[in-house]
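Residue numbers (my numbering), protein chains in the order written: chain C, 1 to 317; chain W, 318 to 681; chain B, 682 to 980. Where a beta carbon is used, it is the ideal one built from N, C-alpha and C, also for glycine. No experiment lies behind these values; they were computed from the predicted model shown. So the structure is just underneath, and the comments pick up after that.
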Amino acid sequence: MLLYVVRRLLYAVPIALGVTLVVFSLVHIAPGDPISALLPNEATEEMLQQARKEFGLDRPLPVQYAIWLGHAAVGNLGVSIGSGRPVADEVAAAVVNTVILAVSAGLLSCLLGFVLGMVAGLRRDGLIDHLVNLFTISGVSLPHYWLAILLVIVFSVNLSWLPPLGVGPDTSDGWRPDWAHLRHLILPTLATAAIPMAVIARTMRAGVVDVLDQDFIGTLRAKGLPPRRILWHVVRNALPTTLAVMGLQLGNMLGGSVLVETVFAWPGTGFLLASAIFQRDLPLLQGTMLVLAMFFVFLNLIVDLVQSATDPRIRRS
Amino acid sequence: MNPDPSRDLSRMPAPLPEIADRGGPLQPLLSATGLRKEFRLGGGFFGPRAVVHAVDDFSLTVIKGETVGIVGESGCGKSTAARLLAGITPADDGEIIFDGETFWTPRSRISGERRRAIQMVFQDSASSLNPRMTLTETLAFGPRAHGVPTATARAYARDLLAAVGLPPARFAERYPIELSGGQRQRVNIARALAIRPRLLILDEPVSALDKSVEAQVLNLLVSLRDQLGLSYVFISHDLNVVRYISDRVVVMYLGQIVEEASAQDIFAAPRHPYTRALFASKPSIDPRQRVTAPPLVGDPPDPVNPPSGCRFRTRCPIVEAICANARPPLSAMPGAGGTHRAACWAALPGNEHSLSPRQKGALQ
Amino acid sequence: MHGTLGGPATIDAAVAPAVRHNRYATVVLLRFLRQPVPMTAAVILLVVMLAAIFAGFIAPADPFQTRVARRLAEIGTPGRWLGGDELGRDVLSRLIYGGRISLAMAILPVAVGLFVGGFLGVLAGYAGGRTNMAIMRAMDVFYAFPSILLAVAIAGALGPGLVNAILALSLVFIPPIARMAESVTTQVRSYEYVIAARLTGASTLRILREHVLSNVAGPILVFASSQVSVSIIAASGLSFLGLGVSPPNSDWGLMLSALRQSIYINPWVAALPGAMIFLCSVCFNLVSDGVRQAMEVRR
């Protein structure tokens with residue numbers, strides 16, 4: 001097991017480096033001189049010279065990459081063109097909001113998906129099974145930004161129950177776990193959680209059905225094991241695949257956050273990324289992408305390790 | 318089976334020339350020496366996690382027109398040996414000489430025309446024939462790859478089908494999915510013969526077939542061998558089949574050859590305790606010969622960590638101290654004319670095993 | 682075993698040659714036609730595509746003609762049957778015209794992904810060893826990004842525009858298709874019929890052409906077609922963010938974004954473009970699923 005962990009960690013290193021390379025390239029595929037993209041338009045010649053020196057922009061690309069990577073490693077992601085503040089600070093503030101949304105949506109989708117999938121699998125062809133089935137077929141094709149708009153139409157426009165925008169009643173201070181802030185969290189959470197929930201439910205259902213059909217469950221029944229204990233066997237065997245899918249869905253949730261956060265004006269990383277794009281704020285774009293992608297690499301690593309801890313077959317293969 | 322002359326492949330005009338004989342009848346057709354193959358499992362930055370010694374110091378000679386059978390339990394390395402001989406899997410070490418010409422070494426391999434001298438017939442399976450090709454297309458592929466015009470190759474494909482007992486009028490345009498196992502295996506044989514090889518390596522060619530079909534396919538193999546003057550290396554776990562078709566038999570255990578002799582000798586007087594155990598496990602038709610005790614107990618040892626000395630010692634009924642200390646060489650048995658060889662201390666003269674023959678001056 | 686591919690006894694030698702050349706394709710087509718749900722989806726897609734192609738003949742109004750009186754007209758207004766947008770343009774006509782760009786933006790990137798990813802995957806799968814390592818590890822890097830995020834970042838860096846958006850999306854669909862192609866090719870390469878072909882001494886190119894491609898093309902194509910349903914969501918998402926087509930041209934994503942501003946006045950008109958994206962995505966999914974099932978010929 002320890003060997004597996006070490007090997008998996010070592011495998012993540014080249015991937016992470018590759019990811020940084022892709023993020024680094026973002027500035028260089030942008031049209032125009034990278035230096036003008038990295039600095040505000042009104043930058044003086046002096047500032048240009050200083051930036052050229054700092055980022056080594058007159059040196060070959062591999063050197064530039066090394067310099068940039070060195071800066072990034074110590075948390076220096078450059079300065080935002082839009083706000084003039086360090087990118088790292090901007091991203092850090094946005095990460096908090098994204099984490100709040102991701103945690104609530106993650107919990108909702110995993111718990112509900114898990115339970116719905118299990119019930120659907122155990123009561124095959126029952127009402128819940130049919131509902132889950134219908135929802136999962138359409139779920140993967142549901143544009144989540146459209147779902148977000150539909151939720152706003154129903155709950156904000158028609159029913160006036162919930163606020164359509166923002167994190168709380170006033171944007172000046174931070175997020176607090178009170179009702180005023182929670183009200184704002186409900187719609188973004190639903191929009192973000194719906195599709196992952198459908199996918200998780202489908203995976204769990206498939207896993208449960210698969211396990212129930214196997215011979216050893218019949219043996220357990222024949223042995224007179226109480227249903228509660230049999231259920232434990234079913235869950236244990238269906239769990240590893242579901243966990244892997246949960247991890248992947250959490251990653252996709254991050255990707256989708258760009259659109260959902262835009263719809264709800266939720267000031268998270270996705271919203272930050274979108275505004276960076278519109279202000280042509282390439283340092284901010286680069287920094288946000290780096291943080292998100294690194295998080296995704298880390299998430300994949302965790303998923304693999306958790307999955308191998310619950311499924312002995314993976315370690316041995 | 319009485320060969321019908323209209324199906325005699327040797328009388329049909331072949332689109333590819335015969336590969337000329339070089340060394341005359343006394344030159345061995347195939348001579349493989351010291352073939353070794355290891356498979357690395359898993360691994361990454363710190364090297365492999367485990368190394369399986371699939372085939373170790375494997376040497377084999379095939380005389381022109383001869384059929385050599387290779388037997389052994391599953392996992393003994395006989396299929397790997399077959400793939401090494403055919404050049405599918407490159408060996409780590411060793412060399413293969415074909416009719417006096419270097420066919421394969423770790424640094425060089427034969428190419429072009431002479432490459433087609435050795436072909437292989439696989440065990441029947443769903444993936445042995447391309448499911449998207451008709452039988453004609455499958456059989457025409459090899460000759461076309463060697464520059465035969467498509468029309469000629471397709472015409473010859475029909476001759477080949479006839480030669481293996483599949484009337485071309487009914488079978489030429491069929492797909493593999495429309496064939497039975499025995500029919501598929503006939504096509505496999507025809508495909509191997511399409512580019513006129515001199516040696517066929519047959520890896521469990523009849524193991525997946527019903528008994529009645531098995532007999533038909535074996536008869537077909539015998540008659541093709543006689544018509545075309547082919548040599549076979551025939552791999553099987555079925556001793557009856559090997560006894561029927563082989564001139565000489567090689568017994569493998571855990572990647573190594575433990576005994577080799579003419580089919581007659583080895584079945585009459587096996588020398589290695591593993592060979593004896595293997596033969597004793599052969600089911601007999603005579604109920605009075607019924608075997609009650611299992612001749613071999615347990616599974617073969619882990620090929621990742623083979624036992625020291627003689628690899629069979631962990632399951633051997635006559636194991637002694639010497640067996641763990643040194644590996645017995647594959648040597649000629651005394652009084653057998655030099656053609657019967659075994660790797661067992663108990664059968665070799667002049668060593669400390671209590672059953673070792675005492676006479677001096679043994680052959681070789 | 683499905684009835685259409687009979688056992689040895691059912692195919693008469695006299696019949697076989699007549700249907701020989703595309704018999705597999707014919708069988709798949711026939712089996713697809715017999716599935717009601719995928720067929721319905723295929724018909725819907727066909728109607729949407731034809732409407733988009735012949736938009737000039739079908740659209741009831743000029744999609745660019747603004748009319749102040751019809752601003753934010755409700756659904757059912759004469760001349761604006763599906764409502765009017767913020768400039769009074771006919772939403773129905775704009776939906777029909779918008780389909781052109783939305784469908785092109787969905788299909789083109791997958792087509793590029795199919796060619797580039799398919800080529801890389803087959804190459805990696807057949808070559809194995811170091812070539813495989815190099816190609817697949819590079820793919821893993823792109824796989825490390827959530828797909829929409831990567832598309833947004835690349836399109837964002839390149840700057841808004843239809844061509845840039847299609848380029849960004851193409852890059853996103855190369856890795857998954859390459860992965861799929863690599864895994865089926867690796868499998869096919871290990872089959873005995875490919876080994877036998879190698880033993881004949883045939884050139885690698887000939888083996889790839891005659892033995893490998895015909896057996897991997899089907900699964901790769903089906904997988905790629907399933908990606909169209911993902912692609913249309915991602916493509917419209919880029920347009921929704923303003924990274925795709927630029928006004929006054931429009932596609933469903935941009936329409937959704939524009940109509941969103943008038944959500945309090947005309948909420949259900951605002952939902953229409955999203956419904957089109959959803960409908961097409963579901964249909965692409967169902968069709969690709971149907972083809973996959975039709976191709977499953979059990980041995």
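So, L773 (chain B) versus L789 (chain B), is the Cβ gap smaller than 8 Å?
-> no
Per-residue burial, R205 (chain C) [other beta carbons within 10 Å of its own, 16 or more giving buried] | buried
Straight-line Cα distance separating D304 (chain C) from F738 (chain B) | 54 Å
What number of angstroms, rounded off, separates the C-alpha of M820 (chain B) from the C-alpha of S80 (chain C)?
-> 31 Å
Closer than 9 Å, Cβ to any Cβ of chain B: which residues of the stretch 129-158 of chain C, in chain order?
-> I137, S138, V140, S141, L142, P143, H144, Y145, W146, L147, I149, L150, V152, I153, V154, S156, V157 and N158
Interface partners of T262 (chain C) on chain B, CB under 7 Å = L922
Shorter than 8 Å from the beta carbon of A462 (chain W) to some beta carbon of chain B?
-> yes
Around the C-beta of I946 (chain B), are 16 or more other C-beta atoms found within 10 angstroms, so that it is buried, or is it exposed?
-> exposed
Which residues of chain C have a Cβ atom closer than 7 Å to the Cβ of V833 (chain B), listed in chain order?
-> V258 and L273
Which value, in whole angstroms, describes the spacing of the CA atoms of G361 (chain W) and R7 (chain C)?
-> Here the model assigns G361 (chain W) a pLDDT of 49, short of 50, so the residue's position is not dependable, and the following value carries that caveat. Computed Cα separation, rounded: 7 Å.
Measuring only between beta-carbons, confirm whether N947 (chain B) sits less than 8 Å from chain C.
-> no
What residue range is occupied by the uninterrupted alpha helix (DSSP H) comprising T867 (chain B)?
-> L843 to R870
Top-ranked residue by Cα proximity to H657 (chain W), from W:G615, W:A578, W:P651 and W:L672 = W:A578
DSSP state of H702 (chain B), grouped into three classes?
-> With a pLDDT of only 46 at H702 (chain B), under 50, the local geometry of the prediction cannot be trusted, and the value read off the model is given with reservation. Coil at H702 (chain B), not helix or strand.
Test item: CB-CB of L77 (chain C) and L290 (chain C) under 8 Å = yes
Tell me, please, whether the CB atom of N896 (chain B) is closer than 8 Å to any CB atom in chain W?
-> yes
Please decide whether A878 (chain B) counts as near chain W, where near means a Cβ-Cβ distance under 8 Å.
-> yes
By the 10 Å Cβ neighbour count, where 16 or more other Cβ atoms means buried, how is G667 (chain W) classified, buried or exposed?
-> exposed
How would you write the range of the alpha helix (DSSP H) that R879 (chain B) sits in, first residue to last?
-> E873 to L880
How long is the line joining the alpha carbons of K599 (chain W) and S524 (chain W), rounded to whole angstroms?
-> 15 Å
Starting from E281 (chain W) and walking both ways along the beta strand (DSSP E), at which residues does that stretch end?
-> Because residue 281 (chain W) is not part of the residues shown, which for chain W are 318 to 681, the question remains open.
Which residue from W:A643, W:N622 and W:E454 puts its Cα closest to that of V368 (chain W)?
-> W:N622
Taking Cβ-Cβ distances shorter than 7 Å, what residues in chain B pair up with L446 (chain W)?
-> Y874
Could you give the distance in angstroms between the alpha-carbon of P698 (chain B) and the alpha-carbon of E490 (chain W)?
-> Per-residue confidence for P698 (chain B) stands at a pLDDT of 40, beneath the threshold of 50, marking its modelled position as unreliable; the derived number appears in the next sentence. Each residue's alpha carbon lies about 6 Å from the other.
What do you get for Q942 (chain B), buried or exposed, if any count of 16 or more other CB atoms within 10 angstroms of its CB means buried?
-> exposed
In this structure, what does DSSP give as the bridge partners for Y549 (chain W)?
-> W:T384 and W:L517
Three CB pairs or more closer than 8 Å across the stretch 510-530 of chain W and the stretch 388-400 of chain W | yes
CB contact below 8 Å: E891 (chain B) versus chain W = yes
Cβ of A883 (chain B) less than 8 Å from any chain W Cβ?
-> yes
With distances taken Cα to Cα, identify the nearest neighbour of T136 (chain C) among C:V96, C:A93, C:T189 and C:A194.
-> C:A194
Excluding five sequence neighbours on each side, which residues of the same chain lie with their C-beta closer than 6 Å to the C-beta of M318 (chain W)?
-> For M318 (chain W), the predicted structure reports a pLDDT of 45, less than 50, and the residue's modelled location is therefore unreliable. The matter cannot be settled from this model.
So which of B:E873, B:Y807 and B:D771 has the shortest CA-CA distance to D441 (chain W)?
-> B:E873
When the distance is taken between beta carbons, is L571 (chain W) closer than 8 Å to P651 (chain W)?
-> no
Check the Cβ-Cβ distances between S425 (chain W) and every residue of chain B, and say whether any is below 8 Å.
-> no
Run the CB neighbour count on Q746 (chain B), radius 10 Å, all protein chains shown included, and call it buried at 16 or more, exposed below.
-> exposed
Identify whether M437 (chain W) lies in helix, strand or coil by the three-state DSSP scheme.
-> strand
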